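Residue numbers (our numbering): 3 to 234.
I have placed the structure first, in the form of structure tokens, so that the comments after it can refer back to it.
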């Protein structure tokens, strides 16, 4: 996203744009806030915590959605009650990225090396092509692994614009979890490429990481992906 686009988004009065009443849920703004409250709160290993990047940028997510609504001229509905032509907002899931895709990855370091890189989004080399009339917003990357091989996260490309090394900041490091927060939300509606760096004390080792993006998907009810089927 260019800085001019960010400035335009920040000027949007999301509460006013999303003021349509949807009984019995309140306004569209209320629907979005309720959904974001669920997305930003995670329960991991008997711990409950709020994802820092998403929590810090809730209003910006609402502004992105408000712009999407104004452009598409469609209504926003809770996912459970949405029709195919209603706009919905939901947690970014693996199925949005690739069919039967899992965030758990085994990365083999090149012979003689202690570090290596791998693709977080997409799971293969190159860029993820985002279908039309969909928006990806990524605010944080969380890794769940006792060995914590992930040491850095970098945005490579957003909407066809190569990025300088935009590195996420390690905000939380526990025995079984790390949280990396991007300095600003990564907002894309065309292409996206995010990579990770892993390290090992053993050269040429194979390390396992479970690194997943936390963020929001905006699109139409008809484009909500089905859950992946094991072995499909």
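All residues carry an ideal CB built from backbone N, CA and C; glycine is no exception.
Fair warning: this is a prediction, and the values are worked out from it, not measured in the lab.
Measure the Cβ-Cβ separation of residue i and residue j and say whether it is below 9 Å.
{"i": "residue 236", "j": "residue 121", "result": "Coverage of the chain is limited to positions 3 through 234, which leaves residue 236 absent and any answer about it impossible."}
{"i": "residue 181", "j": "residue 173", "result": "yes"}
{"i": "residue 38", "j": "residue 56", "result": "yes"}
{"i": "residue 34", "j": "residue 20", "result": "yes"}
{"i": "residue 268", "j": "residue 90", "result": "The question about residue 268 has no answer, for the chain in this structure spans 3 to 234."}
{"i": "residue 135", "j": "residue 206", "result": "no"}
{"i": "residue 216", "j": "residue 140", "result": "yes"}
{"i": "residue 59", "j": "residue 22", "result": "no"}
{"i": "residue 145", "j": "residue 212", "result": "yes"}
Measure the C-alpha to C-alpha separation of residue i and residue j and round it to an integer number of angstroms.
{"i": "residue 31", "j": "residue 64", "result": "8 Å"}
{"i": "residue 232", "j": "residue 96", "result": "Caution applies to residue 232, whose pLDDT of 47 falls short of 50 and renders its modelled position unreliable; the model cannot decide the point."}
{"i": "residue 226", "j": "residue 130", "result": "17 Å"}
{"i": "residue 9", "j": "residue 188", "result": "15 Å"}
{"i": "residue 36", "j": "residue 115", "result": "46 Å"}
{"i": "residue 218", "j": "residue 40", "result": "11 Å"}
{"i": "residue 158", "j": "residue 103", "result": "20 Å"}
{"i": "residue 101", "j": "residue 5", "result": "33 Å"}
{"i": "residue 234", "j": "residue 68", "result": "Unreliable placement is indicated for residue 234, whose pLDDT of 44 sits below 50; the coordinate value is still reported in the next sentence. Approximately 36 Å between the Cα atoms of the pair."}
{"i": "residue 137", "j": "residue 94", "result": "10 Å"}
{"i": "residue 190", "j": "residue 133", "result": "11 Å"}
For the beta strand (DSSP E) containing residue i, list its first residue and its last residue.
{"i": "residue 6", "result": "Per DSSP, residue 6 belongs to no beta strand (DSSP E); it is in the alpha helix (DSSP H), 5-12."}
{"i": "residue 205", "result": "Segment: none, residue 205 is in no beta strand (DSSP E) and carries neither H nor E."}
{"i": "residue 190", "result": "180-190"}
Where does the unbroken alpha helix (DSSP H) through residue i begin, and where does it stop?
{"i": "residue 156", "result": "Where residue 156 is concerned, there is no enclosing alpha helix (DSSP H), although the beta strand (DSSP E) it sits in stretches over 152-160."}
{"i": "residue 70", "result": "60-74"}
{"i": "residue 19", "result": "16-19"}
{"i": "residue 34", "result": "30-42"}
Any heavy atom of the ligand ZN closer than 8 Å to the beta-carbon of residue i?
{"i": "residue 151", "result": "Among the components of this structure there are no ligands whatsoever, and the ligand ZN is therefore not found."}
Inset, instruction - Kindly provide the ranges of any beta strand (DSSP E) runs that are 3 or more residues long and lie completely inside the segment 85-113, ordered along the chain. - result: The segment 85-113 contains these whole beta strand (DSSP E) runs: 89-93, 106-110.
Legend entry - Meets three-Cβ-pair contact criterion under 8 Å: the segment 199-213 and the segment 107-126: With the rule of 3 Cβ pairs closer than 8 Å, the segment 199-213 counts as touching the segment 107-126.
Inset, instruction - For the segment 125-154, list the alpha helix (DSSP H) runs that are entirely contained and at least 4 residues long, ordered along the chain. - result: Here no run is fully enclosed.
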